[in-house]
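As structure tokens, the structure follows; a few thoughts come after it.
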Amino acid sequence: MLHARGEIDAYTLPRWRALLESAVPESAAGGHLVVDLHEVTFLSVRAIMILADLAQQLDRRGIGTHLADGRAAKTIARVIDLADMTEWISIHRDLATALEATAGPRSDT
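Just so you know, we're using this note's numbering here: the sequence shown kicks off at 396 and counts up by one.
This is how it looks when you write it as structure tokens:
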């Protein structure tokens with residue numbers, strides 16, 4: 396699980412990418428990457444695309460990607476939908492729902 400906070404914009408993109416990549420080894424063990432965005436005050440489209448690219452790579456390894464953020468979920472979902480990445484990222488209204496989605500075997504439906 397990765398908890399992000401603050402602004403994720405052009406200035407912080409290198410740190411964002413590094414944080415996401417640092418979570419990959421632990422995600423491989425559990426078969427899921429959960430990213431909690433509740434404390435993120437700004438998330439650029441480029442940051443979403445970096446996340447979507449990683450999610451696609453993880454999917455090829457059998458690892459699911461889940462986002463938790465009730466405030467911006469609709470906006471993030473729209474960007475992911477426009478980028479045709481809904482197959483690789485699940486968006487949840489809160490952290491509890493995201494964690495529930497990781498219980499049990501991963502489903503490709």
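Cβ atoms here follow ideal geometry from the backbone N, Cα and C, with glycine treated the same way.
Taken atom to atom, the span from the alpha-carbon of Glu434 to that of Arg488 is near 13 Å. Short of 7 Å from the beta carbon of Ile443, and not among the five residues preceding or following it, lie these beta carbons of its own chain, in chain order: Ile471, Val474 and Ile475.
Within the DSSP secondary-structure output, Arg400 pairs in a beta bridge with Glu434. Residue burial annotation: Gly457 is exposed, with fewer than 16 other C-beta atoms found within 10 angstroms of its C-beta. Between Leu428 and the set Ser439, Ala450 and Gly465, the nearest pair of CA atoms involves Ala450.
Linking Leu432 to Leu414 through their CA atoms gives a straight-line distance of about 13 Å. Within the same chain, no Cβ atom closer than 8 Å to the Cβ of Tyr406 is found once the five residues on either side in sequence are excluded.
The straight-line gap separating the alpha-carbon atoms of Phe437 and Gly459 is approximately 24 Å. Taking the Cα positions, Ile486 is about 19 Å away from Arg455. Secondary structure of Gly459 (DSSP, three-state): strand.
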